[in-house]
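Going line by line, the protein sequences match chains G and C.
All letters in the first sequence, in the order written, are residues 1 to 468 by full-length UniProt numbering.
All letters in the second sequence, in the order written, are residues 1 to 468 by full-length UniProt numbering.
Scroll down for the structure; my scribbles are underneath it.
2 protein chains.
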Amino acid sequence: MHDDLIAALRARLGAANVLTEGDLSAWELDWRKRWRGKALAVLRPGSADEVAAALQLAAAHGVSVVPQGGNTGLVGGGVPDDSGTQLLLSTQRLNKVRGIDAANQTITVEAGCILQSVQAAADEAGFLFPLSLAAEGSATIGGNLATNAGGTQVLRYGNARELCLGLEVVNAQGEVWSGLTGLRKDNTGYDLRDLFVGSEGTLGVITAATLKLFPKPAASLTAMASTGTLAQCQALLGLAQRRLGAGLTGFEVMNRFSLHLVAKHFPQLKQPLPPSDWTVLLEYADADGEDTARQRFEGVLGDALEQELINDAAVAESLAQSATLWHLRESIPLAQSEEGLNVKHDIALPVSAIPEFCERTDAALAAAFPGIRLVNFGHLGDGNLHYNVQGPEGGSAAEFLAQHEHTINTIVFDAVAQYGGSFSAEHGIGALKRDELALRKSPVALGMMRAIKQALDPKNLLNPGRVV
Amino acid sequence: MHDDLIAALRARLGAANVLTEGDLSAWELDWRKRWRGKALAVLRPGSADEVAAALQLAAAHGVSVVPQGGNTGLVGGGVPDDSGTQLLLSTQRLNKVRGIDAANQTITVEAGCILQSVQAAADEAGFLFPLSLAAEGSATIGGNLATNAGGTQVLRYGNARELCLGLEVVNAQGEVWSGLTGLRKDNTGYDLRDLFVGSEGTLGVITAATLKLFPKPAASLTAMASTGTLAQCQALLGLAQRRLGAGLTGFEVMNRFSLHLVAKHFPQLKQPLPPSDWTVLLEYADADGEDTARQRFEGVLGDALEQELINDAAVAESLAQSATLWHLRESIPLAQSEEGLNVKHDIALPVSAIPEFCERTDAALAAAFPGIRLVNFGHLGDGNLHYNVQGPEGGSAAEFLAQHEHTINTIVFDAVAQYGGSFSAEHGIGALKRDELALRKSPVALGMMRAIKQALDPKNLLNPGRVV
Chain G
1 MHDDLIAALR ARLGAANVLT EGDLSAWELD WRKRWRGKAL AVLRPGSADE VAAALQLAAA
61 HGVSVVPQGG NTGLVGGGVP DDSGTQLLLS TQRLNKVRGI DAANQTITVE AGCILQSVQA
121 AADEAGFLFP LSLAAEGSAT IGGNLATNAG GTQVLRYGNA RELCLGLEVV NAQGEVWSGL
181 TGLRKDNTGY DLRDLFVGSE GTLGVITAAT LKLFPKPAAS LTAMASTGTL AQCQALLGLA
241 QRRLGAGLTG FEVMNRFSLH LVAKHFPQLK QPLPPSDWTV LLEYADADGE DTARQRFEGV
301 LGDALEQELI NDAAVAESLA QSATLWHLRE SIPLAQSEEG LNVKHDIALP VSAIPEFCER
361 TDAALAAAFP GIRLVNFGHL GDGNLHYNVQ GPEGGSAAEF LAQHEHTINT IVFDAVAQYG
421 GSFSAEHGIG ALKRDELALR KSPVALGMMR AIKQALDPKN LLNPGRVV
Chain C
1 MHDDLIAALR ARLGAANVLT EGDLSAWELD WRKRWRGKAL AVLRPGSADE VAAALQLAAA
61 HGVSVVPQGG NTGLVGGGVP DDSGTQLLLS TQRLNKVRGI DAANQTITVE AGCILQSVQA
121 AADEAGFLFP LSLAAEGSAT IGGNLATNAG GTQVLRYGNA RELCLGLEVV NAQGEVWSGL
181 TGLRKDNTGY DLRDLFVGSE GTLGVITAAT LKLFPKPAAS LTAMASTGTL AQCQALLGLA
241 QRRLGAGLTG FEVMNRFSLH LVAKHFPQLK QPLPPSDWTV LLEYADADGE DTARQRFEGV
301 LGDALEQELI NDAAVAESLA QSATLWHLRE SIPLAQSEEG LNVKHDIALP VSAIPEFCER
361 TDAALAAAFP GIRLVNFGHL GDGNLHYNVQ GPEGGSAAEF LAQHEHTINT IVFDAVAQYG
421 GSFSAEHGIG ALKRDELALR KSPVALGMMR AIKQALDPKN LLNPGRVV
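The following block contains the structure:
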């Protein structure tokens, strides 16, 4: 079946770029090994025109297409289903940096560029591209945009959406929309760009983007501080925002158990401060210079000590020490994996609601599941917590997950809704949270989303079964 | 005709809020007196539910609705046509500040709040709401969002879109979408928010919004500098961005003739620097304090003098002096009005393209219309120029406009397209630029915009004839 389609795709993309044989698990299996699909073929187009040709052929044959970037998603949005009837469209050969416009502070890259290579290209040209997240060594910029990725510098620079000025997109009809503008202001009609950003490949395939660059800061400093409560963390955030303004580029919190797991599984990583209920990681960037930056930063931390918002603090003395502090933070998910399976949540709340939300939800979970252990950490500056639930010590993590994931989700997501939060802050919907979306999003919003999907992809050929 | 509809509206909104008699020109005539319409009635609903009821009734009677905020638009997007069959829906009674969340740094306001009153409410709570534009004393925040307004601090804080976290919207079906989230991260489905922002009332009626607040800077400083060329202005921008980072909140340029007109028509306004081909207005905000801010700012200007990017500079010594400098800049449109009618353009270009664009387009216009006078000023930091064309001295401005507007637009917009620019940077499309949109936007983009309009407003009841 579909031999004609495969033959036509081979003729257009080259046989080497239409894979149907051998081990295709690099594309068919997600990196966490939670979803395994079976593709009709894996397509590797080399240009927007080839993507367009592929989508036209797919549409003509009524075959659906799943776009995929670096396959680092967390919600099962980028692997085909197991029917063997979907085309997997990989952007990996769309990997050129098309250009840098220094005076305009923009870079234009193809969707398959690895995030780290975009950062590197910006750096070489004397600029900062600030999107940064754990998977940056394999995630693609197209995937980052399709999922509106967040990361560690959202506080200052915004999500992937805010970093994007223009897009090139192939729509479900196989037409190329050349919207690669580098303009800061452009009010000519509806905001198609932001509709495609975050649509997870269900409305079109992003093939290239023009992104904002920023001057490199003259100095970047990292500090760790220990505090007793989330309310103190929140007060420290307010103080740091007032005093450091846009210089505050990162504000991460980690609960005691997160860093305990890091100490347990990675004892070789030195922790600069004694264990504490909450630890904060602050990042400060300054356009002026190292000396004044350090003075300012230490001044704020000194005042926080005096106001008893924190108990202790350590400012990294070198880039190497900064890297060590960030490494501690970034080791939490790995330490969690070592500890065993767990129920992950990627939630957002108004910053003001976080202390009360955590107090109540922690208590509700502890009451429902005695001995439960919370790995609570994340980007407090953005109101984004990775509020993860690990089963009681000694029990089987897999069994706990299988048995209680649904109940735990209900407790957490009900509380999130009560405090005006989001059950998916930066990871998206994909397949994993589609039911949650249908259940929890307002019917009015869902109705409009479905109308838009129907309008732009009437045959439901693009990543069907995801998002809406 | 439509007596039933009017009666039903009166029953629901109150007779005082369904106006059909007397002088309705406050709503039927735009403030520049370019468009005069005739409404079936002027509606002044007092809540989102009343807006919803009005739209349901309008839909049931097949009557279209034109939403209006402060009626300060520049493109004829907010007044009814002259058929006497459209309902004008004014948001002016939706004027409550619903709340401020200090720890979350957000404010929730209704659509009819005057921009200045939003700024004032933020200020009272100890925060900055940075959207700022000439019409802020009468423009509403709903109108600012519906047109994605820009203004003078976009360089640092972004357009209205970037300042908006959540919306409450009544759609064409008369359903209320309660999307008033104050979240910095929320990836639960398509980005409806940014679709409504900038859609000029053609997809729904914005009734309230949750907006970002920022800590007030500890010090704000303003400077004026004179230079010889746009290339020097551009180099100064780059230097200031590198050295001042996010502290650079405004970067405006004015050509010689702009300030000449201000001097001619407002001789009482003292100009601090001698006339020059280009004058730059810089604004710098610092979280640290006045002394260090002044040192930094003067350091950058000193280096710019040394590098011969500028010939002269004056830093305001007081808030009053700052206000005077800004007053000069903001007097340009008024001075232009005094001089007579002119062809206005609100264009955006990549910053890198501006010197060459201006050189070529200035020359093309001078060749086509000897004696033509260019009032060229705007937000260079955002690539946004108000590139306005005044007829030759002594001739009839009105005749010149009537005779040559179309040709001038063609010359300017063709050049804008050639350099990858936008023919509407911050004013929108409305009625004025709808043909231009149809002509100049890519057919693929237009097709998708029309599909979205059709999907969300299938009966074409919301602001028909505008945008698409």
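Ideal Cβ positions, reconstructed from N, Cα and C, are used throughout, including at glycine.
> For the candidate residues G:325, G:227 and G:250, whose alpha-carbon lies nearest to that of residue 272 (chain G)?
Replying inline: G:325
> Shorter than 8 Å from the beta carbon of residue 138 (chain C) to some beta carbon of chain G?
Replying inline: no
>> Just checking: is the beta-carbon of residue 49 (chain C) within a distance shorter than 8 Å of some beta-carbon in chain G?
In response: no
> Distance, Cα to Cα, residue 478 (chain G) vs residue 344 (chain G)?
Replying inline: Absent from the model: residue 478 (chain G). The displayed extent of chain G is 1 to 468, so no value can be given.
> Using Cβ-Cβ distances below 9 Å, what residues of the stretch 274-289 of chain G are close to chain C?
Replying inline: 285, 286, 287 and 288
> Which whole runs of the beta strand (DSSP E) in the stretch 82-139 of chain C are 3 residues long or more, in chain order?
Replying inline: 86-90, 97-101 and 106-110
> Would you say the stretch 194-205 of chain G touches the stretch 415-423 of chain G, given that touching needs at least three Cβ pairs under 8 Å?
Replying inline: no
> What are the boundary residues of the beta strand (DSSP E) that includes residue 210 (chain C)?
Replying inline: 204-212
> Alpha carbon to alpha carbon, how far is residue 15 (chain C) from residue 1 (chain C)?
Replying inline: 18 Å
> Listing by chain order, which chain C residues have their CB less than 8 Å from the CB of residue 419 (chain G)?
Replying inline: The contacting residues do not exist; residue 419 (chain G) stays about 10 Å from chain C at best.
> Counting Cβ pairs closer than 8 Å, one from the stretch 89-101 of chain G and one from the stretch 113-129 of chain G, do we hit at least three?
Replying inline: yes
>> Can you confirm whether residue 130 (chain C), when its beta carbon is compared against all beta carbons of chain G, has any partner nearer than 8 Å?
In response: Judged by the 8 Å Cβ criterion, residue 130 (chain C) is not in contact with chain G.
>> Quick test of your reading: residue 144 (chain C) and residue 160 (chain C), contact by CB under 8 Å. State the CB separation rounded to the nearest angstrom.
In response: 5 Å
> Between the Cα of residue 176 (chain G) and the Cα atoms of C:234, C:447 and C:468, which residue gives the shortest distance?
Replying inline: Ranking C:234, C:447 and C:468 by Cα distance to residue 176 (chain G) puts C:447 first.
> Is the stretch 341-361 of chain G in contact with the stretch 407-418 of chain G, if contact means three or more CB pairs nearer than 8 Å?
Replying inline: yes
> On the three-state DSSP scale, how would you describe residue 386 (chain G)?
Replying inline: strand
>> Run through the DSSP bridge pairs and tell me what residue 422 (chain C) is partnered with.
In response: C:348
> From residue 445 (chain G) to residue 299 (chain C), what does the alpha carbon distance come to, in whole angstroms?
Replying inline: 51 Å
> Counting only beta-carbon atoms, is residue 310 (chain C) nearer than 8 Å to chain G?
Replying inline: Not one chain G Cβ lies under 8 Å of residue 310 (chain C).
> Nearest to residue 185 (chain G) by CA position, among C:464, C:453, C:384 and C:452, is which residue?
Replying inline: C:384
>> Whether or not the stretch 248-255 of chain C and the stretch 304-316 of chain C are in contact is what I'm after, with contact meaning three or more pairs of Cβ atoms, one per stretch, closer than 8 Å; do they touch?
In response: no
>> With H, G and I counted as helix, E and B as strand and the rest as coil, what does DSSP make of residue 161 (chain G)?
In response: helix
> The alpha helix (DSSP H) with residue 67 (chain G) in it runs from where to where?
Replying inline: Unbroken run through residue 67 (chain G) is the beta strand (DSSP E), 65-68; no alpha helix (DSSP H).
>> What does the Cβ neighbour count give for residue 200 (chain C), buried or exposed, with the cut at 16 atoms within 10 Å?
In response: buried
> Is residue 283 (chain C) helix, strand or coil when you go by DSSP?
Replying inline: Correct three-state label for residue 283 (chain C): strand.
> How far does the beta strand (DSSP E) with residue 255 (chain C) in it reach, from first residue to last?
Replying inline: 248-255
> How is residue 61 (chain G) classed by DSSP in three states: helix, strand or coil?
Replying inline: coil
>> Residues in the same chain with beta-carbon distance under 8 Å from residue 259 (chain G), minus the five sequence neighbours each way, listed in chain order, please.
In response: 271, 275, 279, 328 and 332
> If you drop the 5 nearest sequence neighbours on each side, which residues of the same chain put their C-beta closer than 7 Å to that of residue 263 (chain G)?
Replying inline: 271
>> Taking 8 Å as the threshold (beta carbon to beta carbon), is residue 197 (chain C) in contact with chain G?
In response: yes
>> Comparing C-alpha positions only, which one of C:11, C:4 and C:61 sits nearest to residue 173 (chain C)?
In response: Nearest C-alpha to residue 173 (chain C): C:61.
> Rounded to a whole number of angstroms, what is the C-alpha to C-alpha distance between residue 5 (chain C) and residue 457 (chain G)?
Replying inline: Approximately 37 Å between the Cα atoms of the pair.
> Tell me which same chain residues have a C-beta within less than 7 Å of the C-beta of residue 10 (chain G), skipping the five on either side of it?
Replying inline: 18
> When the cut-off is 8 Å and only beta carbons count, does residue 272 (chain C) lie next to chain G?
Replying inline: no
> Would you say the beta carbon of residue 171 (chain C) comes nearer than 7 Å to a heavy atom of the ligand SAM?
Replying inline: Ligands are entirely absent from the displayed structure, and the ligand SAM is therefore not among its contents.
> Taking Cβ-Cβ distances shorter than 9 Å, what residues in chain C pair up with residue 82 (chain G)?
Replying inline: Within chain C, no residue has its CB atom less than 9 Å from the CB of residue 82 (chain G), the nearest being about 25 Å off.
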